[in-house]
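Q: Chains as they are written, first to last, in full-length UniProt numbering: chain U, 1 to 258; chain D, 1 to 258. Starting off with a structure, shown below.
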DNA sequence: CCGCTTCTTGCACGTTAATGCGTACTATTC
DNA sequence: GAATAGTACGCATTAACGTGCAAGAAGCGG
């Protein structure tokens with residue numbers, strides 16, 4: 001692994017979780033803690049994080065003053081943006097990602113790092129527009145009759161088109177998320193498309209704002225144990241979170257910069 | 001293996017993985033690491049990657065300069081808006097309208113009266129987004145691989161989908177418009193889609209800003225006598241306009257409001 | 001066909017970056 | 001105020017780097 005690559009990964013991690021632990025990083029990247037500390041020290045010197053005893057935290061304040069151009073700062077302004085940055089951190093280079101119609105998914109698209117090569121398959125024109133200026137993002141748009149209410153295309157054509165694609169990761173825009181019932185949606189057509197996407201994807205991720213958690217919508221999309229990754233905010237219902245953890249879901253807490 | 005061939009392969013790999021390791025490349029292409037380093041150095045000098053210790057990383061996109069469509073559409077905002085209003089006036093209630101990818105067409109979509117019931121078929125996600133809040137506009141989106149440069153989808157899937165539809169009116173986004181040559185486009189894929197749309201539409205309309213008039217782009221879309229309606233600004237080249245009038249085209253002059 | 005140039009490649013060299021370890025220091029905890 | 005965990009510093013080692021140079025291949029003119 002390249003050194004620079006590692007520091008990028010650490011920044012990614014920082015944005016995703018809001019904090020990093022030196023010892024964990026050392027084990028994960030198979031380097032000594034010294035090296036990690038050096039990385040963190042450099043990042044802190046560049047104003048990209050705040051070094052603390054045992055690790056580092058996401059810098060809270062305004063944009064780092066040093067950066068002249070400072071690429072679009074994905075500094076998480078509000079909850080949804082933080083969630084989106086954390087969720088985007090799950091995407092590995094070169095992966096194929098499904099993003100269905102949801103405001104959270106639009107935020108995730110906006111949080112994809114500009115240097116990350118990725119193929120995004122979506123039924124949401126707004127996501128395609130949001131990714132127009134990502135030089136390394138390829139976008140495949142699922143067409144059909146556009147549902148202005150939900151902001152996406154849900155026809156049979158969209159489903160038929162996506163069934164030709166095998167994705168690595170599907171961020172399902174959840175209308176409801178419950179520890180026993182699983183992922184649910186408000187609309188039958190929406191639910192059908194989500195189910196099709198889930199079937200064509202290796203992994204399933206849910207990035208849920210706290211108001212969605214522990215709620216149930218009428219139409220089932222996927223059972224709780226099908227959720228591979230769950231990205232949540234600190235104030236998410238702990239009981240639901242625990243339930244998912246017991247099912248083997250990887251839970252990611254979108255960090256709050258203090 | 002030729003040198004240039006190798007550098008192309010390296011770029012390919014960069015784009016795919018977001019990073020390359022010099023040692024791996026050296027082994028894969030059976031050359032010394034020195035040679036790989038030289039390649040990477042040249043690529044970096046050309047701005048195609050970022051050289052780091054041990055390899056190279058994909059460079060982040062150059063600038064967040066908003067989508068190309070947006071950029072173009074802000075140029076002559078007033079003129080374009082007047083043109084769009086006049087063009088939108090050609091749409092009768094209940095009609096089915098093709099709008100392909102063009103900044104003028106985006107403006108036309110925005111100029112469609114909210115009370116007008118219409119079905120818009122487009123390959124441009126930005127148009128779908130613009131029409132989201134039109135309660136009486138039904139939008140059918142043509143999907144496929146999204147071309148960020150042009151802001152639309154141009155694949156065979158888009159053409160196949162639109163060929164199932166018979167429209168009343170097609171606003172062709174013209175890259176060039178000439179009294180003898182007719183409508184032309186800059187891109188072959190773009191031209192092919194435009195031709196397919198023209199074939200599926202009863203009438204063909206061109207709303208052209210004055211800089212497009214009396215110019216020719218490389219790829220032919222439709223002959224001049226196929227244009228049923230021409231919407232222009234007052235300062236359009238009078239010779240070209242007259243030529244179209246002689247061919248039976250209805251010429252509409254976008255009124256100057258003030 | 002022969003010399004010439006140009007380009008690419010690999011190798012040898014000294015230089016620099018990155019890492020891990022030992023040691024001494026400092027923060028945190030109880 | 002120890003005990004513990006984390007940190008800073010210096011140093012040695014390794015890997016990667018840049019440069020200069022020479023060998024070989026391809027192109028060119030005579």
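Backbone N, C-alpha and C fix where the C-beta goes; we use that ideal spot for every residue, glycine too.
May I ask you to verify whether the stretch 134-146 of chain U touches the stretch 111-125 of chain U, counting CB pairs closer than 8 angstroms and requiring at least 3?
A: In this structure the stretch 134-146 of chain U lies against the stretch 111-125 of chain U, because at least three pairs of beta carbons, one per stretch, are closer than 8 angstroms.
Q: Determine the direct distance from the alpha carbon of residue 38/D to that of residue 144/U, and round the result to whole angstroms.
A: The count along the first chain starts at 1 and reaches residue 144/U at position 144. The count along the second chain starts at 1 and reaches residue 38/D at position 38. Taking the straight line from one Cα to the other gives about 48 angstroms.
Q: Per DSSP, which one or two residues make a beta bridge with residue 20/U?
A: As a position in the first chain, residue 20/U is number 20, starting the count at 1. DSSP output for residue 20/U lists 56/U as bridge partner(s).
Q: Closer than 8 angstroms, Cβ to any Cβ of chain D: which residues of the stretch 200-223 of chain U, in chain order?
A: none
Q: Of the residues that make up the stretch 139-156 of chain U, which ones have a beta carbon closer than 7 angstroms to any beta carbon in chain D?
A: 139, 140, 141, 142, 143, 144, 145, 146, 148, 151, 153
Q: Run the CB neighbour count on residue 296/U, radius 10 Å, all protein chains shown included, and call it buried at 16 or more, exposed below.
A: Absent from the structure is residue 296/U, since the part of chain U shown begins at 1 and ends at 258.
Q: CB-CB under 7 angstroms to residue 41/D, same chain, minus the five flanking residues each way: which ones, in chain order?
A: Position 41 of the second chain, counted from the first residue, corresponds to residue 41/D. Cβ within range, chain order: 51.
Q: Provide the residue(s) that pair with residue 167/D in DSSP beta bridges, ordered along the chain.
A: Your numbering for residue 167/D matches position 167 in the second chain. In DSSP, residue 167/D forms a bridge with 201/D.
Q: Checking 8 angstroms against the spacing of the C-beta atoms, do residue 150/D and residue 184/D come in under that value?
A: Position 150 of the second chain, counted from the first residue, corresponds to residue 150/D. Position 184 of the second chain, counted from the first residue, corresponds to residue 184/D. No, the Cβ-Cβ distance between residue 150/D and residue 184/D is not below 8 angstroms.
Q: So, with DSSP's three-state summary, where would you put residue 140/U?
A: Taking the first chain and counting its residues from 1, one reaches residue 140/U at position 140. If DSSP states are grouped into helix, strand and coil, residue 140/U belongs with the strands.
Q: If you check the beta carbons only, do residue 196/U and residue 159/U fall under 8 angstroms apart?
A: Residue 196/U sits at position 196 when you count from the first residue of the first chain. Residue 159/U sits at position 159 when you count from the first residue of the first chain. Inclusion of residue 196/U and residue 159/U in the CB contact set at 8 angstroms is warranted, their separation being smaller than that value.
Q: Within a Cβ cutoff of 7 angstroms, which residues of the same chain sit near residue 6/U, ignoring the five residues on either side of it in sequence?
A: Residue numbering aside, residue 6/U sits at position 6 when the first chain is read from its first letter. Same-chain partners within the cutoff: 29, 39.
Q: In three-state DSSP terms, what is residue 242/U?
A: The residue given as residue 242/U occupies position 242 in the first chain. Here residue 242/U sits in helix by DSSP.
Q: Quick check on residue 67/U: does DSSP put it in helix, strand or coil?
A: In the first chain, residue 67/U corresponds to position 67, counting from 1. The predicted model places residue 67/U with a pLDDT of 34, which falls under 50 and marks its position as unreliable, so this point remains unresolved.
Q: Report the rounded CA-to-CA distance for residue 181/D versus residue 251/D, giving the unit in angstroms.
A: Your numbering for residue 181/D matches position 181 in the second chain. Your numbering for residue 251/D matches position 251 in the second chain. Taken atom to atom, the span from the alpha-carbon of residue 181/D to that of residue 251/D is near 17 angstroms.
Q: For residue 214/U, which residues from the same chain have a beta carbon less than 8 angstroms from its beta carbon, with the 5 sequence-adjacent residues on both sides left out?
A: Within the first chain, residue 214/U is the residue found at index 214, counting from 1. So the list reads 177, 178, 179, 237, 239, 240, once near-sequence residues are dropped.
Q: Kindly indicate the opening and closing residues of the alpha helix (DSSP H) around residue 35/U.
A: The sequence position of residue 35/U within the first chain is 35, counting from 1. Unbroken alpha helix (DSSP H) run through residue 35/U: 33-45.
Q: Would you mind telling me which residues of chain U sit closer than 7 angstroms to residue 117/D, beta carbon to beta carbon, in chain order?
A: As a first step, residue 117/D is located in the second chain; it is residue number 117 there, counting from the start. None at all; the shortest Cβ gap to chain U is about 13 angstroms.
Q: For residue 129/U, return the contacting residues in chain D, with the cut-off set at a CB-CB distance below 7 angstroms.
A: Residue mapping note: residue 129/U aligns to position 129 of the first chain, counting from 1. Within chain D, the residues near residue 129/U are 67, 125, 126, 129.
Q: If we ignore side chains and look at the alpha-carbon of each, how far apart do residue 127/U and residue 105/U end up?
A: The residue you call residue 127/U lines up with position 127 of the first chain. The residue you call residue 105/U lines up with position 105 of the first chain. Spanning the two alpha carbons is a distance of roughly 8 angstroms.
Q: Starting from the C-beta of residue 163/U, find all residues in its chain whose C-beta is less than 7 angstroms away, skip the five residues before and the five after it, and write them out in chain order.
A: Taking the first residue of the first chain as position 1, residue 163/U is located at position 163. Cβ within range, chain order: 196, 200.
Q: Counting only Cβ pairs nearer than 7 angstroms, list the residues of chain U close to residue 16/D.
A: To locate residue 16/D, count along the second chain from 1; it is residue 16. Simply 94, 117.
Q: Alpha carbon to alpha carbon, how far is residue 148/D from residue 186/U?
A: Counted from its first residue, the second chain places residue 148/D at position 148. Counted from its first residue, the first chain places residue 186/U at position 186. Answer to the nearest angstrom: the Cα atoms are 32 angstroms apart.
Q: Specify, as a first and last residue, the run of the beta strand (DSSP E) that residue 124/D falls within.
A: As a first step, residue 124/D must be located in the second chain, where it is residue number 124. Neither: residue 124/D is in no beta strand (DSSP E) and is coded neither H nor E.
Q: Since residue 220/D is in the beta strand (DSSP E), which residue starts that stretch and which ends it?
A: Counting from 1 along the second chain, the entry for residue 220/D is found at position 220. Looking at the DSSP string, the run of the beta strand (DSSP E) that includes residue 220/D is 219-222.
Q: Please list the terminal residues of the continuous beta strand (DSSP E) segment that includes residue 253/D.
A: Walking along the second chain from the start, residue 253/D turns up at place 253. From DSSP, the beta strand (DSSP E) with residue 253/D extends over 250-253.
Q: Flag this pair as yes or no: are the beta carbons of residue 48/U and residue 36/U separated by less than 8 angstroms?
A: Position 48 of the first chain, counting from 1, holds the residue named residue 48/U. Position 36 of the first chain, counting from 1, holds the residue named residue 36/U. No, the Cβ-Cβ distance between residue 48/U and residue 36/U is not below 8 angstroms.
Q: Can you give me the C-alpha to C-alpha distance between residue 262/D and residue 118/D, rounded to a whole angstrom?
A: Only positions 1 to 258 of chain D appear in the structure, and residue 262/D is not among them; the question remains open.
Q: Any idea if residue 122/U is buried or exposed, counting beta-carbon neighbours within 10 angstroms, 16 or more meaning buried?
A: One-based indexing of the first chain puts residue 122/U at position 122. Residue environment for residue 122/U: buried (at least 16 other C-beta atoms within 10 angstroms of its C-beta).
Q: Please report the distance separating the alpha-carbon of residue 210/U from that of residue 202/U.
A: Locating residue 210/U in the first chain gives position 210, counting from the first residue. Locating residue 202/U in the first chain gives position 202, counting from the first residue. The alpha-carbon atoms of residue 210/U and residue 202/U are separated by roughly 25 angstroms.
Q: Compare the C-beta of residue 172/D with all C-beta atoms of chain U and state if any pair is closer than 8 angstroms.
A: As a position in the second chain, residue 172/D is number 172, starting the count at 1. Chain U contact via Cβ: absent.
Q: Hey, does residue 240/D have any beta-carbon neighbour from chain U nearer than 8 angstroms?
A: By one-based count along the second chain, residue 240/D stands at place 240. Judged by the 8 angstroms Cβ criterion, residue 240/D is not in contact with chain U.
Q: For chain U, find out if any of its Cβ atoms is closer than 8 angstroms to the Cβ of residue 60/D; answer yes or no.
A: Your numbering for residue 60/D matches position 60 in the second chain. Yes - at least one Cβ of chain U is within 8 angstroms of the one on residue 60/D.
Q: Determine the burial state of residue 12/U: buried for a count of at least 16 other Cβ atoms within 10 Å of its Cβ, exposed for fewer.
A: Here residue 12/U is taken as the residue at index 12 of the first chain, counted from 1. By the 10 Å Cβ count, residue 12/U comes out buried.
Q: If the criterion is Cβ atoms closer than 8 angstroms, does the pair residue 207/D and residue 87/D meet it?
A: Along the second chain, read from residue 1 onward, the residue named residue 207/D stands at position 207. Along the second chain, read from residue 1 onward, the residue named residue 87/D stands at position 87. Contact: yes.
Q: Considering residue 104/U, what are the terminal residues of the alpha helix (DSSP H) in which it resides?
A: As a position in the first chain, residue 104/U is number 104, starting the count at 1. From DSSP, the alpha helix (DSSP H) with residue 104/U extends over 103-111.
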